[in-house]
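Reading through the C-alpha cells given below for one structure.
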Amino acid sequence: MLHQIRSSSPAPRVFSKRERKILRAVAEAALPEGQRFPAAGDAAVDKLEAGLAELPASAQRAYRAAIWSFDSIARARKLRGLAKLTPARRLELLESWRTGSLPRRLALRGLIAPLKAAHFDDPAMFRQVGCAYQFDVGAPGGEEKPRYMQERVHGADELSDENVDIDCDAVVIGTGAGGAVVAKELAEAGHAVAIIEEGEYFGRQDFGGRPLAMQRKLYRDMGATFSMGNTGIPIPLGKTVGGSTTINSGTCYRTPERVLRRWRDEFGLEDLGPGRLDTYFERVEQALGVAPAQPEHLGGAARVIARGCDRLGYRRHKALSRNAPGCDGQGVCCFGCPTDAKRSTNLSYVPMALRAGAELFCGVKARRILTESGRAAGVEASVAGGETARTLTIRARAVVVACGSIMTPVLLQENGLCGRSGELGKNLTIHPAMGSLALFDEDISGFRAIPQGYAIEEFHDEGLLYEGASTPLDLTMTAVPQIGPELIQLAESFDRVAMFGVMIEDTSRGRVRAARGRPLITYNLGERDVARLKRGVEILARVFFAAGAHAVYPLVHGFDKFENEKDMRRFRNATLSASDFELSAYHPLGTARMGHDPARSVVGPTHEAHDVPGLFITDGASVPSSPAVNPQVTIMAMATRAAEHISRALS
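Take 347 as the starting number for the sequence shown in the numbering used here and just add one per residue.
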C-alpha cells in the first residue's frame with residue numbers, strides 16, 4: 347500500500363530507468379486520459395516509487411519482479427516489450443489477464459492497484475467530481491489535554507530506559523470493543539487497572555481523511571491482513587487506541603433473538619439467551635449515544651436504495667442505528683472521525699476508564715502472559731523505541747486478553763495457553779461481504795454522507811444483510827477490477843455512482859494459527875455461502891435497477907456490468923466459485939469461543955479460560971458463533987457482563 351507523500355525533497359529511487367519506462371507504458375494503457383481526468387504517467391510512477399521506498403526491500407523486489415514478468419509476457423506473446431507496443435495492444439494484453447484465471451487476475455491486480463492508488467490520489471481529480479480530498483485537522487496538540495490524559499496515558503517514549511515493573515488488580519490487553527469496556531467497568535468499580543495497547547493514541551487532529559495515510563497510522567499492516575483458502579479475503583484490523591472501533595462505520599445492532607436462542611440451546615449459555623443481555627445492551631447504547639442516523643446525512647445512496655425497495659415491495663429497510671451523535675456526514679468513518687462525532691472507544695470507554703483511575707500504556711506489545719501455579723499472574727510487554735529493548739512487566743490478579751479475534755489466539759498460542767480443547771484459533775467466522783456500484787442520472791455524492799447509514803433487512807432471516815458501503819474516489823477505483831477507458835468513465839461519473847454492500851451470515855469456518863507472532867489465517871468459503879453471495883448480488887442489482895440505475899457494476903468475475911435483464915439471466919444461470927467474488931470481511935469472531943463444555947470451547951460462561959484460572963477473554967474471539975449483524979454492540983454487551991464476573995473474582 348501507499349501513502350500520500352508531501353515532502354518536497356527528492357524521493358529515494360526504487361525503479362531503474364527501464365522499469366519506469368515499462369510502468370509508464372502500463373499506466374498509460376490502464377489509466378488513459380478521459381474527458382476531465384488526465385492520463386496516468388510520470389507523476390503516478392513518481393508517487394508510486396515514493397511510496398514503495400518506505401516499504402521493506404522484500405516488497406520492493408516483489409513489485410519490480412512483477413514489472414519484469416509482465417514485460418516478459420509481452421515479449422513472448424507480442425514479440426516486443428510493453429513500452430514498444432501501442433497503447434491499444436498494451437490494453438489488450440492487460441485485459442487478457444484481467445479476465446483470465448485467478449492467478450492471472452491476482453498478478454495483474456498486484457501490478458495495477460498501486461498504480462491506481464497513486465494516480466487517483468490527486469486533489470484535482472477529487473475537485474472535478476465535487477469530493478473533499480482532505481480535512482483540515484489543524485495543528486497537532488492544539489487542544490489542551492485533560493489532566494487524566496496527561497497523567498495516565500504513557501507512550502513508549504515516555505517510559506524510562508530501564509525495565510518497568512507495575513502491580514495492579516487487572517491488566518487489560520487491547521483497547522477495542524472488548525478491552526476498553528472491561529477496563530472502564532473495572533476501574534469504575536474501584537479496581538486498579540492497567541491497559542496495554544500495541545498501537546498509538548490518535549485524536550481528531552490526526553484524522554485527515556486520506557485513506558492511505560490513515561491506513562498507515564490506524565491499521566495493522568496498513569490493512570493488509572487477509573485469509574488464505576479457496577479465495578483471498580482482506581480482513582482489515584485496527585491497531586490504535588480504540589482498536590477497530592476507531593476505523594469502523596459506527597453501525598450498532600443488538601444480537602438478534604434467533605442467534606441468542608442458538609447460543610442458549612447449542613452452547614448451554616442460558617445467561618446469553620433472549621432477554622438476558624438487555625440490561626447490558628442498554629448500558630452500552632447509553633454510553634455510545636446510539637440512535638438512528640439522521641435523514642439529512644443519509645445521502646443519495648440511501649435515497650435510491652429506499653426508492654428501489656419501495657418499488658419492489660420490500661418493507662424492511664431503514665436508517666441504521668449508529669454510535670455517532672452529532673454526525674455531519676463527512677464520509678470518512680473508516681479512517682478516524684475528523685469531528686469526534688463517532689463515539690469509538692478512543693473517545694468513550696477509554697477516557698472513562700482513565701478518569702476512573704486506569705493507566706494506559708501505548709506503543710507496547712504484550713509478549714508473555716505470566717502464570718504462577720497454573721494461574722494467570724500478569725503480562726510482560728516489549729516497549730518500542732530507545733537504544734535498547736525494554737520490558738514493561740505488569741503483575742495482576744486478573745489478566746484480560748482482548749486483542750481481537752485474530753491476534754488473541756496468536757498471543758495465547760505463542761504462550762502455549764488455552765490449547766487443551768484444541769478449539770483455540772478455530773471456529774473463525776468473518777461475515778464475508780462485497781459491494782456493488784450503480785450509475786444513475788441523478789446526483790448521488792455518497793462522499794458527502796454517512797458511508798454506512800442505511801440498511802435493507804428484508805432478507806436478514808436468510809442470512810443476508812445489506813448496508814451502505816461508500817468509499818472515497820481513490821479507494822473505490824483501486825477496488826474495482828476495470829481498467830482502461832471504462833474505468834476512467836466510471837471515475838469521472840463518481841458523483842452519480844451509488845455504492846451499497848451485502849454481508850452474509852457465514853456457515854463456513856476458518857482458523858487462525860500463530861506464525862512467529864503473526865497470524866496465518868485460513869478460510870474456505872463453502873458452496874452454501876457462495877450461493878448466498880450470488881443471491882445477495884442479484885437482489886441488490888434489482889433494487890438498483892428498480893430505483894432507476896442505468897448500469898450496475900457487481901464486482902464479480904465475468905460480469906463487469908449489468909445493463910439489462912439478459913445480463914441478469916446470464917448471471918443467474920452462471921456457475922460461480924468463491925474466487926469469482928471481490929470479497930472483504932470486517933467482523934472476525936469466534937476463535938476462542940464461549941461454552942459450558944471445556945472440550946468444545948475455550949472460555950466458560952464468565953469469560954474465564956477453562957484451562958487458565960484468572961485469564962479472561964472478552965473480545966470478539968469469545969463470541970460463540972456468527973451474530974449475523976455488525977458485532978460491536980454484541981462484544982461490548984458481553985464485555986460489560988464479563989466485567990461484573992471479573993470484579994466479583996477480584997473482590
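C-beta: ideal position from N, C-alpha, C; glycine also.
The beta carbon of residue 854 is closer than 6 Å to those of 871, 872, 875 in its chain, skipping five residues each way along the sequence.
In the three-state reduction of the DSSP assignment, residue 500 falls in the strand class, which pools E and B. If you look at residue 708, you'll find it in the beta strand (DSSP E) that goes 705-708. Taking a contact as a CB-CB distance under 8 Å, the pair residue 962 and residue 956 does not count as one, their CB atoms being some 12 Å apart. Our two residues, residue 949 and residue 518, have alpha carbons roughly 16 Å apart in a direct line. Secondary structure in the region 694-773: the alpha helix (DSSP H) runs of 4 residues or longer, each lying completely within the stretch, are 695-701, 753-760 in chain order.
Proximity to residue 577 across 964, 867, 845 peaks at 867, based on C-alpha coordinates. Within the region 599-661, the runs of alpha helix (DSSP H) at least 4 residues long that lie entirely inside it are, in chain order, 603-613, 624-634, 645-658. Judged by DSSP secondary structure, residue 981 falls within the alpha helix (DSSP H) whose first and last residues are 978-996. Under the three-state reduction of DSSP output, residue 409 falls in the helix class.
When DSSP reads this structure, residue 865 sits in a beta bridge with 860. Ranked by how close their Cα comes to the Cα of residue 727, the residues 398, 721, 740 have 740 in first place. Within the region 918-966, no run of alpha helix (DSSP H) reaches 4 residues while sitting entirely inside it.
For residue 573, the uninterrupted beta strand (DSSP E) run begins and ends at 572-574, by DSSP. The beta strand (DSSP E) runs of length 3 or more contained entirely in the region 533-597 are, from start to end of the chain, 539-543, 572-574. For the 9 Å CB-CB criterion, residue 526 and residue 591 form a contact. Taking the C-beta atoms as reference points, residue 444 is found nearer than 9 Å to residue 829.
The DSSP assignment places 810-814 as complete runs of the beta strand (DSSP E) inside the region 810-839, in order along the chain (cut-off: 3 residues). Our two residues, residue 992 and residue 586, have alpha carbons roughly 25 Å apart in a direct line.
Comparing alpha carbon positions, the residue from 447, 416, 449, 448 closest to residue 437 is 416. Secondary-structure assignment with DSSP links residue 905 through a beta bridge to 902. In the DSSP assignment, residue 664 falls within the beta strand (DSSP E) that extends over 663-665.
Straight-line measurement puts the Cα of residue 766 at about 16 Å from the Cα of residue 717. Around the beta carbon of residue 609, 16 or more other beta carbons lie within 10 angstroms, which makes this residue buried. Across the set 691, 729, 382, 903, the C-alpha of 382 shows the shortest separation from the C-alpha of residue 473.
Considering only 614, 604, 755, the residue with the shortest C-alpha distance to residue 944 is 614. Residue 769 is not a Cβ neighbour of residue 380, given a cutoff of 9 Å. One Cα belongs to residue 653, the other to residue 893, and the distance between them is close to 5 Å. Taking 9 Å as the cut-off, the beta carbon of residue 774 is found no closer than this to the beta carbon of residue 555. Contact check for residue 688 against residue 596 passes: the beta carbons are separated by less than 9 Å. Taking residue 942 as the centre and dropping the five residues before and after it, the same chain places the C-beta of 614 closer than 6 Å to its C-beta, in chain order. In the three-state reduction of the DSSP assignment, residue 361 falls in the coil class, being assigned neither a helical nor a strand state. Taking C-alpha positions only, residue 753 is separated from residue 568 by approximately 15 Å. The bridge partners DSSP lists for residue 436 come to none.
From the listed residues 376, 361, 441, the smallest Cα separation to residue 411 is found for 361.
Contact between the region 789-800 and the region 444-453 is absent: fewer than 3 CB-CB pairs across the two stretches fall below 8 Å.
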